[in-house]
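Q:
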Amino acid sequence: MNTLSHLVTSLLDQDVTAPNTQLGVLRINGSDAGKFLQGQVSCDMAKLSEDKSLYGAICSVKGRIISNFFVIKEQEDILLVMSAPLIETALNHLKKYAVFFKVTLSVATDEFAIQASFTESDNPQTPDALDEWLPTTISDDAITLTISESPTRASLCLQRNANALADNAPASPQAELLSLLTARPLIDAEHSEEVLPQWLNMQRTGGISFTKGCYTGQEIVARMQYRGKSKKQLALFTWKGDTDVSSTLLDSEGKSIGSVFKAARYHDLNVAQIILNIEPTEVNDFFLGEQAVTLIPLPYRLENTK
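Written out as structure tokens, the structure reads:
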């Protein structure tokens, strides 16, 4: 059993379900909704359907992620599920382009109560890349999408009664760690317009289409993929003990080789997503300040796919 599997086993002694109040929902309605978003997002909106959602990003003209999201089609509406503090940022950005299309944009966060669920995966094998299609079911009561099958089956459920989870679903630090281990992150406000999609491995997690044609930031994103000038990539690390550690990853000589993107703790177990500036095989020992940390496998492979 590898380190990732061992971590999942230790965290998933039973199914884990918890509210996710950090997420919000942006609604795009209108006959041009798909056409409009096709020119603004990194995923191929032509592949979106009511039973298959997608993962993607809204980028600036410099190719930096303004916000990334899971996108759902519900009849005439398209829902973008993203970090709640970025809803207004994404709304204001998209409004600049929406005037040319028959669409209406609105905040729909208050219409839903969102919960995350993690169960044992039916397929523990590490895939070469994550599938771009996210299986989705829509009912009168809820929308449920599976966002990952590795290393756990991770799902998001958007319950239409926004108060449905208030009394019976406490927050779960286990869910935070399990979410990090899926390595398919949604950025927070502090990272908006700071990172390229490839720095979050979105080329391997179904978040970027290189065949769909133009969208805002596409030229920069494509150039990064095919010229491969940057080694930056998302990696997973773990350690036990103190959470009060440096946000800068160091090698054994004290050289900066990355920075913490997201981190969470359960009891004495810490897990962090770190954006590396190097290939991880170039270094044997890793430190956050004086704290030694351990590199653990991703739930997908990260070979260069030029």
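Taking our numbering, the leading residue of the sequence shown gets 604, the next gets one more, and so forth. Even for Gly, the Cβ is constructed at its ideal location relative to N, Cα and C. Only a predicted model underlies this, so the values are computations on that prediction, with no experimental measurement involved.
Suppose you measure from the CA of Asn907 to the CA of Asn764; what does that come to, to the nearest Å?
A: Confidence at Asn907 is low in this model, with a pLDDT of 49, below 50, so its placement is unreliable and the value that follows should be read with caution. Approximately 43 Å, taken between the alpha carbons.
Q: So the candidates are Gln762, Ser742, Ala745 and Ala732; which of them puts its Cα closest to the Cα of Glu752?
A: Nearest C-alpha to Glu752: Ala732.
Q: Once the 5 residues before and after Thr620 are set aside, which same chain residues still bring their CB inside 8 Å of it?
A: Gln718, Ala719, Ser720, Phe721, Ala772, Ser775 and Ala778.
Q: Under the three-state reduction of DSSP, which class applies to Ser680: helix, strand or coil?
A: One point to set straight first is that residue 680 is Asp, not Ser, in the sequence displayed. Here Asp680 sits in strand by DSSP.
Q: With DSSP as the reference, please indicate the residues paired to Trp842 in a beta bridge.
A: Trp842 is bridged to Asn873.
Q: Apart from the five residues just before and just after Leu737, which ones in its own chain have a Cβ nearer than 7 Å to its Cβ?
A: Only Lys655, Ser656, Leu657, Tyr658, Phe673, Leu748, Thr749 and Ile750 meet the Cβ criterion.
Q: Between the alpha carbons of Thr692 and Gly637, how many angstroms are there, rounded?
A: Using only the alpha carbons, I get a separation of about 20 Å.
Q: Which residue comes first and which comes last in the alpha helix (DSSP H) that contains Arg826?
A: Residues Gln821 to Arg830.
Q: Can you grab the Cα-Cα spacing for the pair Ser859 / Ser849, in whole Å?
A: Rounded to the nearest angstrom, the two C-alpha atoms are 11 Å apart.
Q: Who are the near neighbours of Leu905 in its chain, counting only those whose CB is closer than 7 Å to its CB and skipping five residues on each side?
A: Once the five neighbours on either side are set aside, the close Cβ partners of Leu905 are Asn804, Arg807 and Gln836.
Q: To the nearest angstrom, how far is it from the Cα of Glu856 to the Cα of Phe889?
A: Distance between the alpha carbons of Glu856 and Phe889: 10 Å.
Q: Assign Ile741 to one of three DSSP states: helix, strand, or coil.
A: DSSP places Ile741 in strand when its eight states are reduced to three.
Q: Are Gln728 and Asp744 closer than 9 Å when you measure CB to CB?
A: Taking 9 Å as the Cβ cut-off, Gln728 and Asp744 do not qualify as a contacting pair.
Q: From the DSSP output, in three-state form, read off Gln728 for me.
A: Coil, per DSSP.
Q: Ser758 bridges to which residues according to DSSP?
A: Looking at the DSSP assignment, Ser758 forms a beta bridge with Ser720 and Thr749.
Q: Can you look up Gly637 in the DSSP assignment and give me helix, strand or coil?
A: Of the three classes helix, strand and coil, the one that applies to Gly637 here is helix, per DSSP.
Q: Would you identify the three-state DSSP class for Ala867, choosing helix, strand or coil?
A: Residue state, collapsed to three classes: strand.
Q: Give the straight-line distance between the Cα atoms of Tyr903 and Pro730, rounded to the nearest whole angstrom.
A: The alpha-carbon atoms of Tyr903 and Pro730 are separated by roughly 5 Å.
Q: With a threshold of 8 Å on Cβ separation, who are the neighbours of Tyr818 within its own chain once the five nearest residues in sequence on each side are excluded?
A: Once the five neighbours on either side are set aside, the close Cβ partners of Tyr818 are Gln641, Gly642, Gln643, Val644, Ser645 and Cys662.
Q: Run through DSSP, which three-state label would Gln894 get?
A: Gln894: strand per DSSP, three-state reduction.
Q: Going by DSSP, name the residue or residues bridged to Lys655.
A: Ser652 and Pro738.
Q: For the alpha helix (DSSP H) containing Val611, name the first residue and the last one.
A: Looking at the DSSP string, the run of the alpha helix (DSSP H) that includes Val611 is Thr606 to Leu614.
Q: Mind checking Val611: buried by the 16 CB within 10 Å criterion, or exposed?
A: So Val611 counts as buried.
Q: Can you check which of these residues, Ser862, Ala649 and Leu708, is closest to Gly816 by C-alpha distance?
A: Closest option to Gly816, Cα to Cα, is Ala649.
Q: Would you decide whether Thr739 is buried or exposed? Buried here means 16 or more other CB atoms lie within 10 Å of its CB.
A: Thr739 comes out buried.
Q: Among Cys760, Glu735 and Asp734, which residue has its Cα nearest to the Cα of Ile746?
A: Of the listed residues, the one whose Cα sits closest to Ile746 is Cys760.
Q: With a threshold of 8 Å, are at least 3 pairs of Cβ atoms found where one atom belongs to the stretch 617-632 and the other to the stretch 704-718?
A: At 8 Å Cβ cutoff, the stretches touch.
Q: Which residues share a DSSP beta bridge with Gln836?
A: Note: Gln836 sits in a beta bridge opposite Leu879.
Q: Kindly identify the DSSP beta-bridge partner or partners of Cys662.
A: Note: Cys662 sits in a beta bridge opposite Ile668.
Q: Determine whether the beta carbon atoms of Gly831 and Ala660 lie at a separation below 9 Å.
A: No, they are not a contact pair.
Q: Among residues of its own chain, excluding the 5 on either side of Gly844, which ones have a beta-carbon nearer than 8 Å to its beta-carbon?
A: Around Gly844: Asp871, Asn873 and Gln894.
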